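Before any comments, here is the structure.
Residue numbers (the working numbering): 3 to 493.
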């Protein structure tokens, strides 16, 4: 088939069977955001009623203000990512709203305790609302700045270096400004505090995706064969091994092994997606098991968490108190829950952090907690689906890594709260109190929407080519040589 015939057949295909273009569905996204705002407002009304608070129009104005903030985010997506997935942002908005409602519900209970004890009390929900607004501003900024996710490949190693520095910094600072609840993961200054590890995980995901794209073939071909496994050369694996070892070492010294588990799981999944070889997962899990045994023997706080996991009732008045109260709360909630504002989640220490899921399980029951987990599953599923649909390998790895981060975080959180695995202390994305987690996870969502925009964008149609005469029919043209200076034949 000649080139002209091929061009004609392609043009005919687009005329008779044009490529399927996915609708942007921005109006559906706006409708879902409105539905999320209605649910959050009704939940706030129920909490106020069950806590015997005065019902005023302020609640309605709060709901409208929340809808206005979400509408601004929607307009940004409509402007800078018009083909993005329409389900991810509404799910995130509903999770964030449920978190705000639960934090406010706990504030009411803590205020009553402070009044009885004649102590001062500062509610946590105003700062969480402020961080929500700042997070959405940052969300829009990421959509504007990162107009193509493929540009991040240029900064893969830079992102890895910055991520490692962000992890190391709290470990090097004095405990007075970096330690909280036994973990050195904070940078606390007067009027300001941040947890750099939350942002480091995104930077390291960008690095690992960029590295695996450039070194993917090295994981597929042989360097040396050990026990039937073809291993890449050590110098090719150098950056990956250095980053992984530094991350694990830093987390060990910072006494925050839950984040190490999260990062390690993300690395394994990204390697499996890049190579499609299960042997790397088996080898990684083997190393992880060895690391768990070493950590158990070296660090006392790891032993405490394992002992609480095995039998929290052994020290019910001290080390196991938080876990026991969490289990009692989940048992009290049962299938349908006690109702928003009608339970006692405030009995659980630090209930507005990772144990906020225990409060949701108590007041909304198994059904409510399962619905919340389904929202996380929807975000991850849509993120994975868009990652697989995007056309470039870097986008596939980056999208899969970001989407799996959501799944891994909530698995670690809920697994620890329900005693499925040892407690880790990781905050529940969008639910728990904490500005750093909220900011970082909205950046993550912005990158997921950017990838989904590229995946759902219609492919450009080929331009029709001008017909050209066959070479045999082409006319012969005599070309006269131009005159040269000094040539006597030139006139």
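Every residue gets a Cβ at the ideal spot worked out from N, C-alpha and C, and that includes glycine.
Source: prediction; values computed, not measured.
Next item on the list: Kindly indicate which residue of 117, 49, 31 and 177 has the alpha-carbon position closest to the one of residue 90.
Entry: 31
Practice problem: Kindly indicate which residue of 53, 104 and 73 has the alpha-carbon position closest to the one of residue 374. | Solution: 104
query: Can you tell me whether residue 121 is buried or exposed, with buried defined as 16 or more other CB within 10 angstroms of its CB?
result: exposed
Worksheet item: Taking one C-beta from the region 114-129 and one from the region 376-390 each time, how about it: are there three or more such pairs within less than 8 angstroms?
Response: no
So, helix, strand or coil for residue 189, using DSSP? strand
Practice item. Report the rounded CA-to-CA distance for residue 392 versus residue 453, giving the unit in angstroms. Key: 7 angstroms
key: Entirely enclosed alpha helix (DSSP H) segments - the region 152-177, minimum 4 residues   = 158-174
Exercise. Just grab the DSSP bridge partners of residue 195 for me.
Key: 190
Any idea if residue 135 is buried or exposed, counting beta-carbon neighbours within 10 angstroms, 16 or more meaning buried? exposed
Q) Should residue 382 and residue 357 be called a contact, given that it needs their Cβ atoms to be closer than 8 angstroms? A) no
| Buried or exposed: where does residue 40 fall if 16 or more other Cβ atoms within 10 Å of its Cβ makes it buried? | exposed
- Message: Out of 35, 142 and 328, which one is the CA nearest neighbour of residue 94?
- Response: 35
Cβ-based burial, residue 295 [other Cβ within 10 Å; buried from 16]:
exposed
Quiz prompt | Collapsed DSSP secondary structure at residue 397 in the structure displayed | solution = helix
What does the alpha-carbon distance come out to for the pair residue 297 and residue 304? 7 angstroms
Worksheet entry | Assigned exposure category for residue 443 - 16 Cβ within 10 Å defines buried | buried
For residue 335, report the span of its alpha helix (DSSP H) as first-last. 323-335
* To do: Quick one: residues in its chain with C-beta nearer than 8 angstroms to the C-beta of residue 196, no 5 flanking neighbours on either side, listed in chain order?
  => 188, 189, 437 and 438
Minimum C-alpha distance to residue 166 - residue among 191, 175, 211 and 205 | 205
Q | Whole-angstrom distance between residue 160 and residue 202, CA atom to CA atom | A | 12 angstroms
Measure how close the beta-carbons of residue 450 and residue 399 come, nearest whole angstrom, since I'm counting them as under 8 angstroms. With 8 angstroms as the limit, residue 450 and residue 399 do not qualify as a contact, their Cβ atoms being about 13 angstroms apart.
Delimiting residues of the alpha helix (DSSP H) encompassing residue 449: 437-458
Discussion item. Let me confirm a value: residue 428 is counted as buried when at least 16 other C-beta atoms fall within 10 Å, else exposed. Which label applies?
Written reply: buried
From which residue to which residue does the alpha helix (DSSP H) around residue 124 run? Taken as a continuous stretch (DSSP letters only), residue 124 belongs to no alpha helix (DSSP H), as it is neither H nor E.
From residue 310 to residue 417, what distance separates their C-alpha atoms? 13 angstroms
message: Am I right that residue 504 and residue 413 are in contact with their C-beta atoms under 8 angstroms? What's the rounded C-beta distance?
response: No information on residue 504 is available, as it lies outside the stretch 3 to 493 that the chain covers here.
Please identify the residue among 331, 315, 99 and 402 whose C-alpha is closest to the C-alpha of residue 276.
402
Quick one: any contact between the region 341-357 and the region 310-322, if contact means 3 or more CB pairs under 8 angstroms? no
Pull up the distance between the alpha-carbon of residue 325 and that of residue 217, whole angstroms please. 44 angstroms
Checklist entry - Taking residue 388 as the reference, which of 458, 447, 133 and 334 has the closest Cα? => result 458
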